[in-house]
Amino acid sequence: MVLIKSCKQLVEEANAKIQTLSLDEAKEKLGQPDVQFVDIRDVRELEREGTIPGAIHAPRGMLEFWIDPDSPYFKPVFAEDKQFIFYCQSGWRSALATATLQDMGLKNACHIDGGYGNWKKFGGSTETREKKS
1 MVLIKSCKQL
11 VEEANAKIQT
21 LSLDEAKEKL
31 GQPDVQFVDI
41 RDVRELEREG
51 TIPGAIHAPR
61 GMLEFWIDPD
71 SPYFKPVFAE
81 DKQFIFYCQS
91 GWRSALATAT
101 LQDMGLKNAC
111 HIDGGYGNWK
121 KFGGSTETRE
131 KKS
């Protein structure tokens, strides 16, 4: 199989057109009322690693559907006038997601450089998520 673009190329293209917050910038935004952190990792990652306090979970596979007001899966939180800070484990999935969401019209979207792995490694606040039965 010959790929037209690699996943690395897609991530690089996404990063070239989106806003990426440094870890320090993201930490400064934690707890601000006009900011919503969005964890797009798989639920098993949240249960195993924890998450950023106050973050909502929006699985990567459902994100576009949750943001589209015409979708039967629409989540009203995404219609709020807030800055949405997306993150995954390393920043690759969140870069792709942020680019797609901006293409859909969600202009107040950005992501965290290095993702949750970087956040946790450098002392960002975390909380655990209970495993759902």
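The sequence shown runs 1 to 133 under the UniProt record's numbering.
Built from N, CA and C at the ideal position, the CB exists for glycine as well.
- Taking the C-beta atoms as reference points, residue 89 is found nearer than 8 Å to residue 41.
- Of the residues assessed, residue 7 falls on the exposed side of the cut-off, its CB having fewer than 16 other CB atoms within 10 angstroms.
- Excluding residues up to 5 positions away in sequence, 65 lie with their Cβ nearer than 7 Å to the Cβ of residue 71 in the same chain.
- Taken in chain order, the complete beta strand (DSSP E) segments of 3 residues or longer contained in the stretch 79 to 132 are 83 to 87 and 109 to 112.
- Secondary structure note for residue 23: it is in no beta strand (DSSP E), and the uninterrupted alpha helix (DSSP H) holding it is 23 to 29.
- Measuring C-alpha to C-alpha distances from residue 130 to each of 105, 45 and 17 identifies 45 as the nearest.
- The Cβ-Cβ distance between residue 104 and residue 68 falls below 8 Å.
- Pairing residue 112 with residue 58 gives a Cβ-Cβ distance that is not under 8 Å.
- By the neighbour-count definition (other C-beta atoms within 10 Å, threshold 16), residue 73 is an exposed residue.
- DSSP lists 85 as the bridge partner or partners of residue 37.
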